[in-house]
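All letters in the sequence shown, in the order written, are residues 10 to 306 by the working numbering. One structure below.
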Amino acid sequence: MSTRNAAIILFLGALAVALSAIFVRLSELGPAATAVHRAGLAVPALFLWAKLQSRGKPVVPVKARDAWLLVLAGLFFAGDLAFWHWSITFTSVANASLFATSTPVFVALAAWLLLGERITRIFLLGMMLALAGAAILAGGSLTTEPGHLLGDAFGLVTAMFFTAYLLTVKGLRTRISAASLMAWSSLVTALALLPITLLAGESLIPQTTEGWLVLISLALISHVGGQGLIAVSVPHLPASFSAVALLSEAIMAAVMGWVLLGEALGWPQFWGGALVLAGIALARPRRPLSPPVASRP
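Okay, structure coming up:
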């Protein structure tokens with residue numbers, strides 16, 4: 010897969026994931042319970058995808074080390090989802106997306122230290138420009154109210170968990186297909202989130218058909234579609250650029266929050282979004298990245 014096609018797939022994944030903020034707001038359940046359904050309802054579809062993709066071969070990991078890494082990926086994503094959904098509950102969609110997508114700072118550092126990725130000055134400039142744009146994009150919703158500050162802090166923790174998840178996925182994708190990786194890690198995610206939901210005292214059963222439709226849409230569109238597309242793209246892109254490109258999610262989430270939830274956007278948000286896109290363009294890989302030989306679709 011070419012770098013260009015991988016980037017397009019990544020952006021489509023970011024668009025689908027951005028919709029998750031809307032679905033979480035519309036959910037009849039609490040944030041933890043919604044996260045359980047997001048991963049749990051996605052599992053059957055993901056295993057079906059894995060089975061169709063395997064062409065009759067087993068969809069289980071061959072090596073014990075990969076099995077443990079899949080468990081870690083699921084746990085990291087459980088942390089990401091739990092704090093992300095709590096963040097949306099306690100702050101605005103734009104704010105939650107801003108702090109959750111501060112991931113590039115953590116990913117760039119980890120990719121340099123752990124993966125040996127070359128971090129150039131022009132990439133750093135693009136990353137800083139994109140982060141500045143994201144800050145402007147959410148600037149209208151920043152507040153010193155305690156409830157919002159708690160939500161913002163949860164968004165930052167979300168970024169740390171997603172950094173660990175993204176790097177684990179990138180390593181696993183050299184040996185495991187996107188479908189198998191998503192299926193097994195999502196199963197772990199759902200199981201990990203279940204006790205958190207029960208301890209929080211949240212109900213697991215929506216009261217209406219519309220409530221179930223919101224959860225099913227969240228699982229199929231944002232999790233299977235969004236996270237699945239991201240998992241497909243990451244072996245073909247530097248981890249550092251993938252994280253910067255995912256800042257586009259903040260633009261999409263802010264626009265959807267404006268259209269569907271009435272959260273105000275003005276010229277500062279417009280120019281902030283433009284800076285994000287300019288930063289992504291500046292941070293793009295300057296030469297094609299050769300995908301690992303063992304990488305699967």
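All C-beta atoms in this analysis are idealised placements derived from N, C-alpha and C, irrespective of residue type, glycine included.
Check	Outcome
Reduced DSSP secondary structure (H/G/I, E/B, other) of S186	coil
Buried or exposed by the 16-neighbour rule on C-beta atoms within 10 Å, applied to N104	buried
Reduced DSSP category for I128 - H, G, I as helix; E, B as strand; rest coil	coil
Same chain only: Cβ atoms within 6 Å of T153, ignoring 5 sequence neighbours per side	Note that T153 scores a pLDDT of 49, beneath 50, so its modelled location is shaky and nothing firm can be said.
Straight-line Cα distance separating A209 from L38	12 Å
Whole alpha helix (DSSP H) elements within the segment 228-298, 4-residue minimum	237-242, 248-254, 257-270, 276-292
Cβ shell of H46 (< 6 Å), same chain only, five flanking positions each side left out	L224
Nearest residue (CA-CA) to A15, options L246, A42, L190	L246
Beta carbon proximity, A201 to chain D, threshold 8 Å	The chain inventory of the structure shown lacks chain D, comprising one protein chain alone.
When E258, A188, F32, L123 are compared against R140, the one with the closest alpha-carbon	First, the amino acid is wrong: residue 140 is Leu here, not Arg. The candidate whose alpha carbon is nearest that of L140 is E258.
Distance between A292 and S251 (C-alpha atoms, nearest Å)	10 Å
Simplified DSSP state of E37, which is helix, strand or coil	coil
Segment contact, 8 Å Cβ cut-off, at least three pairs: the segment 49-59 with the segment 188-204	yes
Candidates Q62, F163, F32, of which the one nearest S226 by Cα	F32
Option nearest P40 by Cα separation, candidates A51, A87, A120, S242	A87
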